[in-house]
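When we follow my numbering, the leftmost residue of the sequence shown carries the number 1, and every step to the right adds one.
All C-beta atoms, glycine included, are put in the ideal place defined by N, C-alpha and C.
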Amino acid sequence: MYEIIDGKKLSAKLRAEIAEKANKFKEKSGRQIGLAVVLVGEDPASQVYVRNKIKACGEVGIKSYAYYLPENAGQGDVEELIRGLAEDCSVDGILVQLPLPKHLHADEILKLIPVEKDVDGFSGQNIGKLAMNEDCLVACTPNGVMKMLESKNIQIRGKKAVVVGRSDIVGKPMAMLLLNADATVTVCHSKTADLKKECLEADILVAAVGKAKFITADMIKEGAIVVDVGMNRDENGKLCGDVDFENVKDKCSYITPVPGGVGPMTITMLMYNTCAAAFGREKI
Ligand code: GUN
1 MYEIIDGKKL
11 SAKLRAEIAE
21 KANKFKEKSG
31 RQIGLAVVLV
41 GEDPASQVYV
51 RNKIKACGEV
61 GIKSYAYYLP
71 ENAGQGDVEE
81 LIRGLAEDCS
91 VDGILVQLPL
101 PKHLHADEIL
111 KLIPVEKDVD
121 GFSGQNIGKL
131 AMNEDCLVAC
141 TPNGVMKMLE
151 SKNIQIRGKK
161 AVVVGRSDIV
171 GKPMAMLLLN
181 ADATVTVCHS
191 KTADLKKECL
201 EADILVAAVG
211 KAKFITADMI
221 KEGAIVVDVG
231 MNRDENGKLC
241 GDVDFENVKD
251 KCSYITPVPG
261 GVGPMTITML
271 MYNTCAAAFG
281 REKI
């Protein structure tokens with residue numbers, strides 16, 4: 001029998017806790033926690049994400065500052081905006097929605113976000129701290145996955161964890177978090193020689209490849225914990241993950257659904273990080 005890890009439910013619980021903390025912050029500091037969200041261009045998916053992030057801020061009592069720049073904004077324009085936000089005392093977190101239009105150098109822009117305001121955890125400094133298992137702001141999606149495992153008291157120590165996908169945003173920080181939690185970690189990617197063999201060894205499998213129903217039942221060890229980070233459309237246009245949920249679920253001890261699994265946790269963890277950044281900056 002498998003158990004679902006319900007990201008929506010966990011998200012609601014965490015958001016209530018964050019709202020309480022945001023309120024305490026206001027009482028102690030006399031100001032609201034602030035998050036600046038920067039969107040360059042008109043990518044429809046990014047517009048939806050940004051809208052949802054701003055909405056979540058309102059729900060937990062974080063003040064959002066939204067900046068919409070046109071598609072043809074220059075490198076200098078974006079850099080000037082970020083420099084200003086870096087200096088702005090009322091801004092605790094800065095988020096630049098990715099991907100940026102191709103003519104912009106994302107690395108140069110992200111470097112301007114001070115490490116203590118890097119609520120996405122994408123900066124080299126935060127990634128370095130995570131690699132060294134130091135206290136830092138951790139990328140929202142993998143951090144959300146860890147919260148989901150924690151919520152079910154799943155022991156990670158000594159388990160064999162396989163992360164499928166090596167993106168800077170999910171795969172790499174996910175692998176580091178699992179390693180920091182004492183799992184034995186394998187990271188698989190498009191050049192992995194025998195993906196099925198690697199997956200079959202996983203006690204914990206995290207799928208972050210971006211391919212609909214890519215992880216099939218024959219790749220799952222009996223009793224595995226399966227976490228699906230994917231957000232795709234299937235052949236009928238229906239939302240689905242990287243895992244073939246219907247066929248995989250019966251082999252699992254725990255599994256996350258799509259939708260309603262990791263997805264809702266990502267924005268919640270952004271609120272969590274923004275809250276942590278604010279308390280860290282004010283040292284309260
Ligand atoms: N684009 C896709 N996911 C993310 C994310 O977590 N943060 C940012 N800034 N951009 C993204």
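In this structure, the CA atom of Gly-223 is about 35 Å from the CA atom of Lys-53.
Rounded to the nearest angstrom, the gap between the Cα atoms of Asn-180 and Ala-161 is 12 Å. Judged by the Cβ position, Ile-169 qualifies as a neighbour of ligand 1 at the 7 Å threshold, a heavy atom of the ligand being closer than this. For Ala-22, the enclosing alpha helix (DSSP H) starts and ends at 7 to 29. As computed with DSSP, Cys-252 is found in a beta bridge with Ala-224. Annotated three-state conformation of Gly-93 is strand, per DSSP. As computed with DSSP, Ile-33 is found in no beta bridge at all.
DSSP places Tyr-2 in no alpha helix (DSSP H); its state is neither H nor E. In the structure shown, Asn-232 adopts extended strand secondary structure according to DSSP, grouped into three states. Within the segment 186 to 212, the runs of alpha helix (DSSP H) that reach at least 4 residues and sit entirely inside it are, in chain order, 195 to 200. Residue burial annotation: Ile-255 is buried, with at least 16 other C-beta atoms found within 10 angstroms of its C-beta. Between Val-229 and Ala-208, the C-beta gap is smaller than 8 Å, which places the two residues in contact.
Taking the Cβ atoms as the reference, Pro-173 lies roughly 6 Å from Val-138, within the contact range of under 8 Å. Here the segment 34 to 54 lies against the segment 92 to 107, with 3 or more beta-carbon pairs under 8 Å apart. A residue is called buried once 16 or more other Cβ atoms fall within 10 Å of its Cβ, and Met-269 is buried on that count.
For Val-164, the uninterrupted beta strand (DSSP E) segment begins and ends at 160 to 164. Within its own chain, the residues whose Cβ lies closer than 6 Å to the Cβ of Arg-157, once the five positions on either side in sequence are excluded, are Asp-182, listed in chain order. Beta-bridge pairing by DSSP links Cys-240 to Asn-232.
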